[in-house]
Amino acid sequence: MSTADIDSAHPLELNQPRFSVKNPEPRYDKQGDMPDAQRVETAMRYFVKDFGAVAATYMESCIHCGMCAEACHFYVASGNPKYTPIWKLEPFKQAYKHESGPFAMIYRALNLKKKVTVEQLEEWQELLYDSCTLCGRCTLICPMGIDIAALVGLARHGMNQAGLVPHELWAVAERAKREGSPLGATPKVFKERCEWLADDNEVEIFVDKAQADIVAAMSSIEIMKYPDSIVATAKILNHLGLNWTFRSDGYEATNFGMLSGNSAWQKEMSMKLIDATIAAGAKLLILPECGHAYGAMRWQGANIYGKPLPFRVLHISEFLAENTKSGALKTKPLGKTLTFHDPCQVSRRGGAIEAPREVIDGLGAELIEMQDTKGLNWCCGGGGGVVTIHRADPIRYQAFQIKMKQIDDTGAEMLVSSCSNCRQTFDDGQDHFHWDKTMLSLLELVADNLEDK
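The numbering of the sequence shown is the numbering used here, which starts it at 9 and goes up by one.
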């Protein structure tokens with residue numbers, strides 16, 4: 009691989025070389041030396057294995073109305089029917105029909121089983137990874153209530169087992185498994201950053217307290233790219249006089265095991281946070297401004313742990329809202345107009361829609377809602393691991409223009425959100441389009457406007 013083939017300016021990797029070449033050969037990425045026939049068999053087997061009664065009902069319920077297409081930012085931006093959300097599941101629908109569906113015995117008896125080829129799976133790699141952020145807008149729109157986003161997640165399990173994950177996404181997931189962080193924010197790096205930030209900002213940042221009521225987690229994106237979020241978290245928790253800590257054995261909230269479709273890695277990454285929170289004796293785990301980190305722990309953590317978690321799990325915006333409503337968290341009036349971008353995994357998929365709006369109200373700001381807001385807000389196009397994949401950039405930029413228009417139409421003075429993955433996607437889009445809008449962190453906005461005690 010020549011250095012000319014490597015793009016070093018990717019938003020997720022910061023100043024590190026990107027993991028894939030611009031014109032890979034073969035065109036699609038593969039891991040391991042598995043024969044093609046075995047890749048197909050493995051992908052189909054694991055999809056059927058992960059299939060449950062609810063998923064089977066979903067597959068039988070589709071009425072082919074096409075409403076999911078109009079809900080998908082990739083379809084709307086491109087007009088290409090291959091990006092229709094339910095179509096992304098076609099190879100796995102075939103596997104279900106011929107292996108587990110109600111007429112599977114007939115298909116097998118008459119030798120009507122339609123074979124899926126590795127070339128089809130390589131083509132579907134683009135549809136399951138490059139052009140799906142798992143945002144769930146299609147799910148919300150579906151008149152039959154089919155959770156297409158969840159089914160795409162299941163399909164990724166099969167693709168991972170077959171070694172058919174886009175290499176850039178696989179590489180950051182593997183690095184997270186190996187080093188504890190997808191961006192090299194190892195425990196040593198994290199502790200050093202906390203020490204440096206504490207000195208620079210004259211704020212006390214607690215790491216590895218033996219006992220704490222609250223454990224706070226961060227994402228690598230914040231640690232390496234937006235470190236002011238670490239400072240903001242410390243300022244607010246100290247301002248409230250709470251007994252809290254970061255943990256060097258469980259600080260990383262991102263979960264690229266989940267995004268890549270590797271269930272074993274997902275469990276390992278989640279258990280680090282769970283074990284660290286329990287070890288501290290904490291009753292609350294605060295998750296950072298990261299959408300998929302919220303979904304991975306808030307909605308899947310107990311399943312991974314095997315029983316109810318012995319502590320509460322809150323997104324930072326929910327924590328801020330609780331303390332704003334109680335009167336404990338007071339801020340100076342902002343006196344500006346702003347619009348809020350709802351992170352898909354927190355708002356639409358997670359249900360924490362009103363929490364950031366309660367915080368904005370506490371800031372004394374005038375909120376101008378976008379058209380199609382809250383649960384229907386358009387995705388930024390970078391979630392689900394898409395922002396890590398170089399070849400997805402053209403379709404991602406197309407989709408981002410929907411978001412730009414939404415925001416420009418509000419006329420708001422400020423743009424705010426509570427997801428660092430969205431934030432880096434916006435930063436990248438701002439650079440690409442020379443756009444005049446900069447996304448601000450809700451967390452940092454609160455920390456910068458704390459009322460003096």
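For each residue, glycine too, the CB sits at the ideal point set by N, CA and C.
Residue j beta carbon less than 8 Å from that of residue i
i                 : j              : result
glycine 299       : cysteine 146   : no
asparagine 246    : leucine 371    : no
proline 318       : isoleucine 294 : no
serine 449        : serine 237     : yes
leucine 451       : isoleucine 324 : yes
valine 173        : valine 48      : no
glycine 359       : leucine 177    : no
methionine 52     : glycine 166    : yes
glycine 389       : threonine 433  : yes
glutamate 366     : threonine 339  : no
phenylalanine 55  : alanine 117    : no
alanine 193       : isoleucine 231 : yes
alanine 290       : isoleucine 222 : yes
threonine 241     : aspartate 216  : no
isoleucine 415    : methionine 378 : yes
serine 86         : isoleucine 403 : yes
phenylalanine 198 : serine 256     : yes
threonine 381     : aspartate 417  : no
methionine 447    : aspartate 439  : no
glycine 391       : isoleucine 361 : no
Exposure label - residue i; buried when at least 16 CB within 10 Å
i                 : result
serine 334        : exposed
glutamate 326     : buried
glutamine 274     : buried
aspartate 460     : exposed
asparagine 31     : For asparagine 31, the pLDDT reaches just 44, beneath the cut-off of 50, and the residue's location in the model is therefore unreliable, although a value from the coordinates is still provided. So asparagine 31 ends up on the exposed side.
cysteine 80       : buried
lysine 8          : What is shown of the chain runs 9 to 461, which leaves residue 8 out entirely.
methionine 152    : exposed
arginine 164      : buried
isoleucine 368    : buried
arginine 186      : exposed
asparagine 119    : exposed
serine 69         : exposed
histidine 106     : buried
valine 62         : exposed
isoleucine 71     : exposed
phenylalanine 441 : exposed
Cβ separation of residue i and residue j, assumed to be a contact under 8 Å, to the nearest whole Å
i              : j              : result
glycine 258    : lysine 233     : About 21 Å separates the two Cβ atoms, so there is no contact after all.
glutamine 219  : alanine 284    : So it is not a contact: roughly 13 Å between Cβ atoms.
lysine 278     : isoleucine 229 : Going by the sequence as given, residue 278 is serine instead of lysine. That belief does not hold up - the Cβ atoms of serine 278 and isoleucine 229 are roughly 18 Å apart, past 8 Å.
methionine 75  : lysine 101     : In fact, because the Cβ distance is near 18 Å, the residues do not count as touching under 8 Å.
aspartate 37   : histidine 175  : 4 Å
leucine 248    : alanine 170    : Between alanine 170 and leucine 248 the Cβ distance is about 48 Å, and since that is not below 8 Å, they are no contact.
methionine 412 : tryptophan 443 : 6 Å
lysine 243     : alanine 455    : 5 Å
proline 296    : methionine 226 : 5 Å
Which complete beta strand (DSSP E) runs does the segment 100-188 hold, if anything under 3 residues is left out? none
Can you give, in chain order, each stretch of the alpha helix (DSSP H) that sits fully within the segment 340-392 and has at least 4 residues? 362-370
Give a yes or no on contact between the segment 349-367 and the segment 260-275, applying the rule of three or more CB pairs nearer than 8 Å. no
Say whether the segment 307-321 touches the segment 421-441, bearing in mind that this needs 3 or more beta-carbon pairs closer than 8 Å, one atom from each stretch. no
Check whether the segment 191-210 and the segment 84-97 are in contact - that is, three or more C-beta pairs closer than 8 Å. no
Across the segment 155-167 and the segment 122-142, are there enough close Cβ pairs to call them in contact, namely three or more that are closer than 8 Å? yes
Complete alpha helix (DSSP H) runs within the segment 28-93 (minimum length 4 residues, chain order): 44-58, 61-69, 75-79 and 81-86
Give, in chain order, every unbroken run of the beta strand (DSSP E) that is at least 3 residues long and sits entirely within the segment 246-316. 292-295
Continuous alpha helix (DSSP H) assignments of at least 4 residues falling wholly in the segment 385-450: 401-418 and 428-441
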